[in-house]
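Chains as they are written, first to last, in our numbering: chain E, 1 to 438; chain L, 1001 to 1323. Every residue, glycine too, gets a C-beta built ideally from N, C-alpha and C.
Right, here's the structure in full:
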């Protein structure tokens, strides 16, 4: 009798207590800063979510070291969180209204800013009271993280687009990097065909089914897939049509090789099968893994779209910005970011040579480290050049539905390359995006 | 309305049992007490598990159903007008239709091939005269120990334009130029099916092997003595006895394939142009990658549930001949 009752109560208690314990462990509050005096050294702990140990995490740790000189009691705890996981975590926390579990600072892809700020304003603190001078950043970059005129992101990773080409291959075809500077896409295709005829090497490569190239072309003309109000403008968009025309001509003429995965893409130019690439400046990190090609590369601006109003030779791809969460110790977090990523030449001068992290912070353009010639790129002062480019990148509206638009256009490109009429394929993409926005 | 006996005592069961036990014996309150106590004990044992299942499985399912009736982005959710709006929307969603088509292609092509293959392999490996049986069994089961993500990545590398498969085919002069396996609809689907076969055949084989151990060996011997060849023995003696297990694996495989996610996500990323994307992959994309539309995602998950339920019911009807 007694035994039965004992066993029965145990049977009841054990699983329940396990379940309760599982719930309880997650609820422990993260330690945040104690006292935050208005002036003088601060103390406390900042938790940061970001990805890539050799790049963003490294930069954040260097920033922590620099900040610790004046504020020895501030600890920065960096938690490595790949972007896909970070987005999933943010969505889950926002959806379950558990914003107490957010870190103080997190890194966010520029293209994902509008979507997250518009859908989940509860996740963010704005930069209104941070003291950060946003005029010291390129307008094209701050636009990504600005919603209704309010800044939600401090630009870090520079996404300015560059054309990087193998000068030794160009030389075989009797050309130099100057032949590819300030040109239009039709010039580019003519010259690239010539290079291919003489050397057998295509100049560009990219992932099939990715629309990075198209998006760069669009932004170079200040155009996007959405208008000011955020409505899709995929059909009857002259810049987009021209960009797709240009892209399919690139592919069909054989000067642009399509591959299936990112690794294959990197492989094409590292192995020397393709003599150049167009991408965000961060691609230099991958280019420089090919040690045997040192001194054989040069960097210039992008070709511009023919016959499109507002077309320029400048664009961007990717890049990310620091966000302050709604759960942050705001005073400490904003002071930290303001004194490091928006105020420390030392930081950017440290991280540039070792990780290739190019600043978006414009005062760095005069820095001697930035104007140092790079042997790998034939003695070009690449980084100050990139900062020059970045000032001229036209701003465009990514919109909350950026990823929907991008994927619909990607699908349309696949169909167009398989023979569907471009206008029809884009009309279908427009419908797909309109459907997704309903 | 009710019988006088019930009215008299209010306890029809006790009264009925009394009558059965014989009118001569006086009512025995203890006996009734034991039975009731046993019942209670049983329920107490059942209760924790039942509560846990209610709380961890059924409660979220009900919540998901309520969610599927709501629309709105992010956390700004409101009940849809009309309530079934999300379900109605699915019918107009071209990408959803495409993912249903893809998933059913995987299901119809892959599951039968896999089950037949597993059955044949299990029979071969059940041979009493086979040497190194453990080695073969392990070798065929091993793919199941590999994580879904890592095997998908290996397959992606193998089937890339400059990957192992193209190199081999070109080396053997079967093809002149590399095939863009993952870049074309037909071949991309083929690669996913090949991956699924490699990963799951051994898993199903183990179920058949286990069932074969319970099979009375004398039935096979008897068949052989009666002059049945190995094919006839297999088809008329082994397979009928394995029917419950075949039913189980068929339901599990159907269930798994309809919920397919990892391969679609890691191998092809759903491309080219959504033509290899599975339903679950689309569901994930709607909820976490695109503008978060959890109501619509939940509606999609309920449609998947209904599909699984219908298919399982059909298979039970067709496959279960126990009664």
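If you drop the 5 nearest sequence neighbours on each side, which residues of the same chain put their C-beta closer than 6 Å to that of residue i?
{"i": "residue 157 of chain E", "result": "319 and 320"}
{"i": "residue 56 of chain E", "result": "50 and 107"}
{"i": "residue 442 of chain E", "result": "Any property of residue 442 of chain E remains undetermined from this structure, which presents chain E solely from 1 to 438."}
{"i": "residue 408 of chain E", "result": "429, 432 and 433"}
Which class does residue i belong to by DSSP, given the choice of helix, strand or coil?
{"i": "residue 207 of chain E", "result": "strand"}
{"i": "residue 1247 of chain L", "result": "helix"}
{"i": "residue 108 of chain E", "result": "strand"}
{"i": "residue 124 of chain E", "result": "strand"}
{"i": "residue 1126 of chain L", "result": "coil"}
{"i": "residue 1023 of chain L", "result": "Unreliable placement is indicated for residue 1023 of chain L, whose pLDDT of 48 sits below 50; the coordinate value is still reported in the next sentence. The answer is coil: DSSP assigns residue 1023 of chain L none of H, G, I, E or B."}
{"i": "residue 279 of chain E", "result": "strand"}
{"i": "residue 21 of chain E", "result": "Confidence at residue 21 of chain E is low in this model, with a pLDDT of 47, below 50, so its placement is unreliable and no value can be given for it."}
{"i": "residue 226 of chain E", "result": "strand"}
{"i": "residue 380 of chain E", "result": "strand"}
{"i": "residue 221 of chain E", "result": "coil"}
{"i": "residue 316 of chain E", "result": "strand"}
{"i": "residue 298 of chain E", "result": "strand"}
{"i": "residue 374 of chain E", "result": "strand"}
{"i": "residue 238 of chain E", "result": "helix"}
{"i": "residue 232 of chain E", "result": "strand"}
{"i": "residue 291 of chain E", "result": "helix"}
{"i": "residue 304 of chain E", "result": "strand"}
{"i": "residue 392 of chain E", "result": "coil"}
{"i": "residue 31 of chain E", "result": "Low confidence applies here, because residue 31 of chain E scores a pLDDT of 40, under 50, leaving its location unreliable; read the following figure in that light. In this structure, residue 31 of chain E counts as coil in the three-state DSSP scheme."}
{"i": "residue 65 of chain E", "result": "helix"}
State the start and end residues of the unbroken alpha helix (DSSP H) segment that holds residue i.
{"i": "residue 1204 of chain L", "result": "1185–1213"}
{"i": "residue 331 of chain E", "result": "330–339"}
{"i": "residue 259 of chain E", "result": "First-last for residue 259 of chain E: 256–259, but that is the beta strand (DSSP E), not the alpha helix (DSSP H)."}
{"i": "residue 263 of chain E", "result": "262–270"}
{"i": "residue 80 of chain E", "result": "From DSSP, residue 80 of chain E is part of no alpha helix (DSSP H) but of the beta strand (DSSP E) over 73–80."}
{"i": "residue 94 of chain E", "result": "83–95"}
{"i": "residue 1154 of chain L", "result": "1148–1158"}
{"i": "residue 409 of chain E", "result": "402–417"}
{"i": "residue 1307 of chain L", "result": "1294–1319"}
{"i": "residue 1219 of chain L", "result": "1217–1225"}
{"i": "residue 355 of chain E", "result": "345–355"}
{"i": "residue 1168 of chain L", "result": "1164–1171"}
{"i": "residue 426 of chain E", "result": "422–437"}
Mind checking which residues open and close the beta strand (DSSP E) that includes residue i?
{"i": "residue 320 of chain E", "result": "320–325"}
{"i": "residue 43 of chain E", "result": "43–50"}
Return the chain-ordered list of same chain residues with a C-beta closer than 8 Å to the C-beta of residue i, the five sequence neighbours on each side being excluded.
{"i": "residue 176 of chain E", "result": "167 and 170"}
{"i": "residue 434 of chain E", "result": "232"}
{"i": "residue 1249 of chain L", "result": "1115, 1118, 1204, 1207 and 1208"}
{"i": "residue 174 of chain E", "result": "198"}
{"i": "residue 303 of chain E", "result": "163, 180, 183, 184, 185, 187, 188 and 313"}
Can you find the residues in the same chain that come closer than 7 Å, C-beta to C-beta, to residue i, ignoring five residues on each side of it along the sequence?
{"i": "residue 1299 of chain L", "result": "1068, 1086, 1087 and 1090"}
{"i": "residue 425 of chain E", "result": "412, 415 and 416"}
{"i": "residue 1193 of chain L", "result": "1106, 1109 and 1110"}
{"i": "residue 1259 of chain L", "result": "1280 and 1304"}
{"i": "residue 1291 of chain L", "result": "1073"}
{"i": "residue 1133 of chain L", "result": "1125"}
{"i": "residue 410 of chain E", "result": "209, 210 and 211"}
{"i": "residue 244 of chain E", "result": "214, 413, 416 and 422"}
Does the Cβ of residue i lie closer than 8 Å to at least one heavy atom of the ligand SAM?
{"i": "residue 176 of chain E", "result": "The ligand SAM is not among the ligands present in this structure, which contains no ligands whatsoever."}
Kindly say whether residue i, judged by its beta-carbon, lies nearer than 9 Å to any beta-carbon of chain C.
{"i": "residue 1094 of chain L", "result": "Of the protein chains in the structure, E and L, none is chain C."}
> Between the segment 1285–1304 of chain L and chain E, which residues of the former have CB atoms less than 7 Å from a CB of the latter, in chain order?
Replying inline: 1288, 1289, 1290, 1291, 1292 and 1294
> Considering only residues of the segment 138–194 of chain E, which uninterrupted beta strand (DSSP E) runs meet the minimum length of 3 residues and lie entirely inside it, listed in chain order?
Replying inline: 154–157 and 161–166
> Taking any Cβ of chain E, which residues in the segment 1268–1281 of chain L have a Cβ under 7 Å from it, in chain order?
Replying inline: 1271, 1272, 1273 and 1274
> Which of the residues in the segment 203–224 of chain E, read from start to end, lie with their CB under 8 Å from any CB of chain L?
Replying inline: 208 and 209
>> Suppose only complete runs of 4+ residues qualify. What are the alpha helix (DSSP H) ranges in the segment 1042–1084 of chain L, listed by chain order?
In response: 1059–1067
> What residues in the segment 1240–1268 of chain L bring their beta carbon closer than 8 Å to a beta carbon of chain E?
Replying inline: none
>> Output needed in chain order: residues of the segment 1181–1199 of chain L with a Cβ under 7 Å from some Cβ in chain E.
In response: 1182 and 1183
> Looking at chain E, which residues of the segment 1072–1085 of chain L have a Cβ within less than 9 Å of any of its Cβ atoms?
Replying inline: 1073, 1074, 1075 and 1076
> Using a Cβ cut-off of 8 Å, which residues of the segment 1158–1174 of chain L contact any Cβ in chain E, in chain order?
Replying inline: 1160, 1161 and 1162
> Relative to chain E, which residues along the segment 1222–1237 of chain L have a C-beta separation below 9 Å, given in chain order?
Replying inline: none
>> Using a Cβ-Cβ cutoff of 7 Å, what residues of the segment 379–409 of chain E are near chain L? List them in chain order.
In response: 400, 401, 403 and 404
>> By the 9 Å beta-carbon criterion, what residues does the segment 62–90 of chain E contribute toward chain L?
In response: 84, 87 and 88
> Which residues, in chain order, does the segment 1120–1139 of chain L contribute to contact with chain E at a C-beta distance below 8 Å?
Replying inline: none
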